[in-house]
Amino acid sequence: MLVKDIYIRDLTAITDDMTVREAIEILYTHRLPGVPLVDEDFRVIGYVSGSSISDVIIPDYVKRLVSTSYFPDIGILAKELANIMDSPVSEVKKWTPVVEEEDTDLTALKLMLEHHRNVLPVVDEENRLRGVITKEAILSAIVRMIDEEERVEKD
Amino acid sequence: MHLTFTVAVVALFAIVYVFLMTDFRHRTAVAMLGAAATIFVAEVFYGNTEDFWSFIDFETLALLMGMMIIVGILAHSGFFEYLGVKTLQMSKGDPVRFFFGMFFLTAFTSAFLDNVTTVLLMTPLVLYVTAILGIDPMPFLLGEIMASNIGGTATLIGDPPNIMIGTGAGLSFIQFIKYETPISILNVLLSSLFIYVIFRYRFVVSKPDDVAEKLKRFEPDKAIKDPYLMKSGLIILIFVIVLFFLSDILGISEAVVALMGGSLALFLVVEHETVEKVVTDVEWTTLLFFMSLFIIVGYLSSTGVLDMVAKWMIRISGGSKTILVMVILWGSALISAFVDNIPFTATMIPVISSLISQNPDLNTHNVLWWALSMGACLGGNGTVIGASANVVVSGIAKKNGIDINFKNYARVGAPVTVMILLISSVYLYFLAIL
Numbered sequence: 004m005l006v007k008d009i010y011i012r013d014l015t016a017i018t019d020d021m022t023v024r025e026a027i028e029i030l031y032t033h034r035l036p037g038v039p040l041v042d043e044d045f046r047v048i049g050y051v052s053g054s055s056i057s058d059v060i061i062p063d064y065v066k067r068l069v070s071t072s073y074f075p076d077i078g079i080l081a082k083e084l085a086n087i088m089d090s091p092v093s094e095v096k097k098w099t100p101v102v103e104e105e106d107t108d109l110t111a112l113k114l115m116l117e118h119h120r121n122v123l124p125v126v127d128e129e130n131r132l133r134g135v136i137t138k139e140a141i142l143s144a145i146v147r148m149i150d151e152e153e154r155v156e157k158d
Numbered sequence: 005m006h007l008t009f010t011v012a013v014v015a016l017f018a019i020v021y022v023f024l025m026t027d028f029r030h031r032t033a034v035a036m037l038g039a040a041a042t043i044f045v046a047e048v049f050y051g052n053t054e055d056f057w058s059f060i061d062f063e064t065l066a067l068l069m070g071m072m073i074i075v076g077i078l079a080h081s082g083f084f085e086y087l088g089v090k091t092l093q094m095s096k097g098d099p100v101r102f103f104f105g106m107f108f109l110t111a112f113t114s115a116f117l118d119n120v121t122t123v124l125l126m127t128p129l130v131l132y133v134t135a136i137l138g139i140d141p142m143p144f145l146l147g148e149i150m151a152s153n154i155g156g157t158a159t160l161i162g163d164p165p166n167i168m169i170g171t172g173a174g175l176s177f178i179q180f181i182k183y184e185t186p187i188s189i190l191n192v193l194l195s196s197l198f199i200y201v202i203f204r205y206r207f208v209v210s211k212p213d214d215v216a217e218k219l220k221r222f223e224p225d226k227a228i229k230d231p232y233l234m235k236s237g238l239i240i241l242i243f244v245i246v247l248f249f250l251s252d253i254l255g256i257s258e259a260v261v262a263l264m265g266g267s268l269a270l271f272l273v274v275e276h277e278t279v280e281k282v283v284t285d286v287e288w289t290t291l292l293f294f295m296s297l298f299i300i301v302g303y304l305s306s307t308g309v310l311d312m313v314a315k316w317m318i319r320i321s322g323g324s325k326t327i328l329v330m331v332i333l334w335g336s337a338l339i340s341a342f343v344d345n346i347p348f349t350a351t352m353i354p355v356i357s358s359l360i361s362q363n364p365d366l367n368t369h370n371v372l373w374w375a376l377s378m379g380a381c382l383g384g385n386g387t388v389i390g391a392s393a394n395v396v397v398s399g400i401a402k403k404n405g406i407d408i409n410f411k412n413y414a415r416v417g418a419p420v421t422v423m424i425l426l427i428s429s430v431y432l433y434f435l436a437i438l
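Just so you know, the protein sequences line up as chains A and B, in that order. All residue numbers in the first sequence are consecutive under our numbering, ending with 158. All residue numbers in the second sequence are consecutive under our numbering, ending with 438.
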């Protein structure tokens, strides 16, 4: 199965002139785990997600502790987020692998697992955003394909 | 010995040292290549030799490995964080008490367990707590570094140089306790006081009532990730330390005790994955580094060059024991402040052995060995790159936006180091003349 048979033709993206605050708003209102970051020509230059923002606002020393459950709430996240909330979104961007329409479902799924991504941008030859692909989209497309084949066999 | 062989070995040793100093490649890669090249040269001259096996001090390696396993199990169980949070709770939110508490805890832990592991696990906690208290983390971070290095000097198993000296010179755990622990305790007390005095105006909490309220909600027990692992690790550690104390009487080496303890600790772990994790976390690269250094230094020593260094040291000290002790102490400290103290100690052990065999009267109370140990361990406090603990703490600090650089470290590190070296000098002076 190829990416072009599966992917979602949704061009929801974050542009590099937005702030972290706006990015969070978009992610939340669209209920998306992550969205592509694009330049003015809609070329994919990165990826912004709940994880990429969380990664920046959890202090390094906290990541090194075995547990934080013995600490009371001292509002660390609020403090850290306040620091970057109005900064350009590029501060929380991550590099992202991309796929093209002619890539296989296997390639897309493998990339997502390897890089811990829920969403992959689908791009054309010039790296312009065409849509996105998710694990769920791949899985349900495969189920539909199997069902289709069984029906054809029966007929 | 062939003169050309001697020249080749000395040249290889020098090249290895230069590479280690410049940090051009990973130290283990440098030492391994150096060792392989030295063996290669030896075989070119003397045919197939198996000398290098005898150069490797397997007791040092076994001791290091055994203790690394025990510390790995304790680290895995959440024990270190538990100790740190307990310390915080006992300090009742008073930053000064917390400072001294962490300093003594780190020094004590480092005396028995690996310094790097200790600071690796204590530093994040220090950063968290100083964030809670809203105070400057700097004195705490510097305290972590110095406490771990000074504490490491206290026992045979505290620091890699001590392990090498202990096995290389045949000194027992008890002898270290007798000759190094008391002076180390004094050094810990005075250096913590020194840092406190320098930073005394920075230990001010903005909202003390707030903090007291927060501290009530701390639950140290939650830091224990695996109570069974912690219990078994602790029991083994205590058992091992007791056996260290008895090793003289029982006539067993510390290396065998550590090996027993480490293996038993692994055996007590139920989950196979945890064993895999703990064994993987043993610093094999460090062990390979040691192994390679032993080979290089072994060949160097066999050429007689180190005997010449020893003769030269006797000559410049005019045959005076006290001058020789001071030269070893301050020279080792100066070199260790800038160069990794592991290769330095590995090189100095045969030099000191040669000194002693040339003139046994110079080594009353093993004073030359204590001078080497104190110099190599304490000198590491002198600069921000002086010891592994320094590099680890400043690395974590940097990732959290706190800059500990050569300059701001030296302002506190250098005077503290000079102070503890002066104290050690007085101590060694009396040891030398008695």
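By construction, the Cβ of each residue, glycine as well, lies at the ideal position given by its N, Cα and C atoms.
| request: Using a Cβ-Cβ cut-off of 8 Å, state whether residue 226 of chain B counts as contacting chain A. | output: yes
| message | Counting only Cβ pairs nearer than 9 Å, list the residues of chain B close to residue 68 of chain A. | response | 85, 125, 128, 129, 132 and 227
| Spatial distance of residue 102 of chain B from residue 134 of chain B (CA atoms) | 10 Å
| Taking a cut of 8 Å between CB atoms, which residues from the stretch 77 to 95 of chain A lie near chain B? | 77 and 79
| task | Confirm, please, whether the CB-CB distance from residue 292 of chain B to residue 69 of chain B is below 8 Å. | result | no
| message | Taking beta-carbon pairs under 9 Å, can you tell me which members of the stretch 34 to 66 of chain A lie near chain B? | response | 62, 63, 64, 65 and 66
| How is residue 136 of chain B classed by DSSP in three states: helix, strand or coil? | DSSP places residue 136 of chain B in helix when its eight states are reduced to three.
| request: For residue 138 of chain B, collect the residues of the same chain with a Cβ closer than 7 Å to its Cβ; drop the 5 residues on either side in sequence, then sort them by chain order. | output: 209 and 210
| query | Considering only residues of the stretch 56 to 131 of chain A, which uninterrupted alpha helix (DSSP H) runs meet the minimum length of 4 residues and lie entirely inside it, listed in chain order? | reply | Runs of the alpha helix (DSSP H) inside the stretch 56 to 131 of chain A: 63 to 67, 79 to 87 and 108 to 117.
| field | Burial state of residue 90 of chain A (16 or more Cβ within 10 Å) | value | exposed
| Does the ligand ADP have a heavy atom nearer than 7 Å to the CB of residue 183 of chain B? | No copy of the ligand ADP appears in this structure; indeed no ligand is present at all.
| field | Cα-Cα separation, residue 16 of chain B to residue 388 of chain B | value | 28 Å
| task | Taking residue 222 of chain B as the query, report the chain A residues whose CB atoms sit under 8 Å from its CB, ordered along the chain. | result | 73, 74 and 75
| How many angstroms separate the CA atom of residue 229 of chain B from the CA atom of residue 76 of chain A? | Approximately 20 Å, taken between the alpha carbons.
| message | So, does the stretch 247 to 260 of chain B touch the stretch 119 to 127 of chain B, judging by three or more C-beta pairs under 8 Å? | response | No contact exists between the stretch 247 to 260 of chain B and the stretch 119 to 127 of chain B.
| CA-CA distance, residue 411 of chain B and residue 38 of chain A? | 44 Å
| query | Is there at least one Cβ from chain A nearer than 8 Å to residue 244 of chain B's Cβ? | reply | Interface annotation, residue 244 of chain B: not in contact with chain A, CB-CB separation never under 8 Å.
| query | If we count the other Cβ atoms within 10 Å of its Cβ and call it buried at 16 or more, is residue 158 of chain B buried or exposed? | reply | buried
| said: Going by DSSP in three states, residue 52 of chain A sits in which element: helix, strand or coil? | reply: strand
| query | Can you tell which of B:275, B:329, B:217 and B:313 has its C-alpha closest to the C-alpha of residue 426 of chain B? | reply | B:329
| request: Starting from residue 39 of chain A, follow its DSSP beta bridges and name the residues at the other end. | output: A:50
| query | Could you check where the alpha helix (DSSP H) with residue 214 of chain B kicks off and where it finishes? | reply | 212 to 220
| query | Buried or exposed: where does residue 212 of chain B fall if 16 or more other Cβ atoms within 10 Å of its Cβ makes it buried? | reply | exposed
| said: Taking contact to mean 3 or more Cβ pairs, one atom from each stretch, closer than 8 Å, check whether the stretch 185 to 194 of chain B and the stretch 155 to 170 of chain B are in contact. | reply: yes
| field | Distance, residue 428 of chain B Cα to residue 435 of chain B Cα | value | So the two alpha carbons sit approximately 10 Å from each other.
| task | Rank A:148, A:122 and A:142 by C-alpha distance to the C-alpha of residue 30 of chain A and give the top, closest one. | result | A:122
| task | Check each residue of the stretch 390 to 420 of chain B: if its Cβ is closer than 8 Å to any Cβ of chain A, include it; give the result in chain order. | result | 400, 403 and 404
| said: Per the DSSP calculation, residue 134 of chain A is bridged to which residue(s)? | reply: A:125
| query | Is there a Cβ from chain A that is less than 8 Å from the Cβ of residue 89 of chain B? | reply | yes
| Reference residue 400 of chain B; option with closest CA among A:156, A:84, A:134 and A:64 | Considering only alpha carbons, the answer is A:64.
| message | Here's the rule I'm using: 16 or more other beta-carbon atoms within 10 Å means buried, otherwise exposed. How should residue 182 of chain B be labelled? | response | exposed
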